[in-house]
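Notes to accompany the following structure.
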Amino acid sequence: MRIAIATQDRQRVDAHFASARTFLFYDVGPDEHSFVEAVQFDLFSSEDGAHPEDGEDRLGAKISALNGSALLFCRAIGGPAAARVVRANVHPIKLPDDEPIPQVIERVRTMLKGNPPPWLRKLLKDPEAGAERFVDDED
Numbered sequence: 001m002r003i004a005i006a007t008q009d010r011q012r013v014d015a016h017f018a019s020a021r022t023f024l025f026y027d028v029g030p031d032e033h034s035f036v037e038a039v040q041f042d043l044f045s046s047e048d049g050a051h052p053e054d055g056e057d058r059l060g061a062k063i064s065a066l067n068g069s070a071l072l073f074c075r076a077i078g079g080p081a082a083a084r085v086v087r088a089n090v091h092p093i094k095l096p097d098d099e100p101i102p103q104v105i106e107r108v109r110t111m112l113k114g115n116p117p118p119w120l121r122k123l124l125k126d127p128e129a130g131a132e133r134f135v136d137d138e139d
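Per UniProt numbering, residue 1 is the first one in the sequence shown, and the count goes up by one each step.
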C-alpha cells in the first residue's frame, strides 16, 4: 500500500495538507516498507492554513501527486480539500500531534498485519471506494 506523508522537516508528520512543502511516499506492507519518492511543492498556503486570494489552485498539484496512494497522513486538512482528496481515492488521516514518520509507518504495518479497521479493509478490497470511507471531516 502506498502512503503519503505531509511534512515540513522530512522527519515527522508535521504539516497541514495545504501548507506542506513536501510529500514523502512509502510503499508499506505488513512485513516491510520502502521509500518511494519525495515531491516538493513551490506553491503552498501559509502555516496557519490561510490561502492567498490570487485565484490560483494551490491544491491541484498536491492532489495530483497523491495518485496511486491509498492513505495521506497530515496534521490538518480543510473540508473542501479533504473532499477533493477523497474524490482522488485517497483516505486522509489527520494526526492530533506531530508524529515521527517511522512511528506512522509502523502503525500502518501493524494495522496490515492484524485485523485492520473496517475502513481500511474496505480500502484494501476496493481501492475505488467512494467518499463514504472518509470518516473524519473536521477542519
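All residues carry an ideal CB built from backbone N, CA and C; glycine is no exception.
Checklist entry - glutamine 40 by DSSP, collapsed to three states: which one? => result strand
Checklist entry - Within the 9 Å Cβ cut-off, does arginine 84 reach chain C? => result Here chain C cannot be found, since the structure has a single protein chain.
Checklist entry - Near alanine 65, which residues of its chain fall below 7 Å by C-beta distance, leaving aside the five closest residues on each side in sequence? => result Phe23 and Val39
Next on the checklist: Excluding the 5 residues flanking lysine 113 on each side, which residues of the same chain have their C-beta closer than 6 Å to its C-beta?
Outcome noted: Apart from the 5 residues on each side of it in sequence, lysine 113 sits with its Cβ closer than 6 Å to the Cβ of Pro30 in its chain, given in chain order.
Checklist entry - Do three or more CB pairs link the segment 88–105 to the segment 66–76 at distances below 8 Å? => result Cβ pair count under 8 Å is three or more, so yes.
Checklist entry - Nearest CA to the CA of alanine 20: which residue from Ile3, Glu32, Ser34 and Lys62? => result Lys62
Next on the checklist: Only counting the same chain, and skipping five residues up and downstream in sequence, which positions put a Cβ closer than 7 Å to that of leucine 34?
Outcome noted: Here residue 34 is serine; the residue named in the question, leucine, does not match the sequence. Excluding sequence neighbours, serine 34 sits near Tyr26 and Asp27.
Checklist entry - How would you label threonine 7, buried or exposed, when you count the other beta carbons within 10 angstroms and need 16 or more for buried? => result buried
Checklist entry - So proline 92 is in the alpha helix (DSSP H); what residue range does that whole segment cover? => result Here proline 92 belongs to no alpha helix (DSSP H); instead the beta strand (DSSP E) covers 91–94.
Checklist entry - If you draw a straight line from the alpha carbon of alanine 83 to that of glutamate 32, how long is it in whole angstroms? => result Across the structure, alanine 83 and glutamate 32 are spaced so that their CA atoms are roughly 30 Å apart.
Checklist entry - Can you tell me whether aspartate 14 is buried or exposed, with buried defined as 16 or more other CB within 10 angstroms of its CB? => result buried
Next on the checklist: Please report the straight-line C-alpha distance between aspartate 9 and asparagine 115, rounded to a whole angstrom.
Outcome noted: 32 Å
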